[in-house]
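This report concerns only the one structure given below.
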Amino acid sequence: MQIIPKGDYHSMPWKNGGGETLEVAVHPPGASVNDFDWRVSIAKVAADGPFSIFPDIDRTLSLLDGDGLELVAETGSTNELQRGSEPFSFAADLGINGRLLNGPITDLNVMSRRGRFTHRVQRRVIDDTISIQPGAGTTMLIGNSPYIVLQPKAEIQPLDLVILTSSEITLRPLGRYAVIFIVELIPYENDSSRRKSLAKPLDDEPDLGRPLHRAMG
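Mind the numbering: the sequence shown is residues 231 to 447 in the working numbering, read in order.
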């Protein structure tokens with residue numbers, strides 16, 4: 231198990247220059263926003279505006295803090311990512327605008343390059359001791375609540391990254407419950423499901439997101 235504290239993340243501008251993001255992890259190490267195979271980052275969104283365009287990239291967005299964000303596609307279709315929503319997957323080469331529902335938010339972005347990696351993101355609310363095993367590729371945990379890893383022993387703070395290695399870990403929340411996101415990044419040739427790209431237009435129902443609603447008017 232490897233722990234990367236939030237304070238070690240690299241701050242950098244958004245690709246479109248509209249804000250700043252914390253780069254949590256990237257592969258290959260040192261890759262830029264134009265040539266990564268996969269990337270995990272955290273962004274604070276304080277104003278409405280367009281998402282950066284990433285050609286040939288699949289993207290999953292999860293809400294870490296705040297009331298929510300409406301995603302409006304260039305086709306006119308919409309999806310709302312609210313507190314408690316499941317992660318939402320879409321094609322990062324779509325033209326999409328974000329509209330804040332009630333003030334600033336913090337989101338978790340997971341992106342992978344089609345044909346090289348696939349990815350999956352699960353939202354878990356834990357209120358008891360659980361065990362998590364590493365998957366077929368790189369498995370990471372990140373949450374907005376503190377929790378304790380019992381084996382091997384460690385206390386994890388909000389937004390710290392935990393990278394699983396060869397063995398399972400056992401954890402429990404520090405409070406009544408903790409919300410964590412399990413991120414799997416899988417080399418395309420090792421993905422036994424060979425599932426289709428996560429890339430979907432916003433007027434289709436995504437694999438990991440909520441049903442979408444056609445915009446009015």
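We put the CB at the ideal spot given by N, CA and C, even for glycine. The model shown is predicted, which means the values in this text are computed figures rather than measured ones.
Check	Outcome
For Ile372, I'd like the list of residues in its chain whose CB is within less than 6 Å of its CB, leaving aside the five on either flank, ordered along the chain.	Leu391 and Phe411
State the Cα-Cα distance for the pair Thr400 and Asp357, rounded to the nearest angstrom.	13 Å
Would you check if the distance between the CB atom of Phe281 and the CB atom of Gly328 is smaller than 8 Å?	yes
Which of the three DSSP states is assigned to Glu304 in this structure?	coil
What residues are listed by DSSP as bridge partners for Ala322?	None; Ala322 has no bridge partner.
Using 8 Å for Cβ pairs, my map puts Val221 next to Val409. What's the rounded Cβ distance?	Because residue 221 is not part of the residues shown, which for the chain are 231 to 447, the question remains open.
Excluding sequence positions up to five away, which residues of its chain have a Cβ less than 6 Å from the Cβ of Lys245?	Val263 and Ser282
In chain order, what residues of the same chain have a beta carbon less than 7 Å from the beta carbon of Tyr418, not counting five sequence neighbours either side?	Gly345, Arg346, Phe347 and Thr348
Where does Met341 land, buried or exposed, given buried means 16+ other C-beta within 10 angstroms?	buried
Which same chain residues end up closer than 7 Å to Lys426 when comparing Cβ atoms and leaving out the 5 residues on each side of it in sequence?	With a pLDDT of 43 at Lys426, under the threshold of 50, the modelled position of that residue is not reliable, and no figure is offered here.
For the putative contact between Val254 and Leu330, defined by C-beta atoms under 8 Å, what is the C-beta separation to the nearest angstrom?	That belief does not hold up - the Cβ atoms of Val254 and Leu330 are roughly 22 Å apart, past 8 Å.
Run the CB neighbour count on Tyr239, radius 10 Å, all protein chains shown included, and call it buried at 16 or more, exposed below.	buried
Starting from Ala384, follow its DSSP beta bridges and name the residues at the other end.	Val379
By Cβ distance below 8 Å, which residues in the same chain neighbour Phe284 in space, the five residues on each side in sequence not counted?	Lys245, Val263, Ala322, Asp323 and Met341
Pick helix, strand or coil for Lys236, following the three-state DSSP scheme.	helix
Following the continuous beta strand (DSSP E) through Met231, name the residue where it begins and the one where it ends.	Note, Met231: premise wrong, no beta strand (DSSP E); not H, not E.
If you run the structure through DSSP and keep just helix, strand and coil, what is Glu250?	strand
Measuring CB to CB, does Leu394 end up less than 8 Å from Thr369?	yes
Determine the burial state of Ala277: buried for a count of at least 16 other Cβ atoms within 10 Å of its Cβ, exposed for fewer.	exposed
Can you check which of these residues, Ser361, Glu316, Phe320 and Leu293, is closest to Ile303 by C-alpha distance?	The question names Ile, yet the displayed sequence has Ala at residue 303. Considering only alpha carbons, the answer is Phe320.
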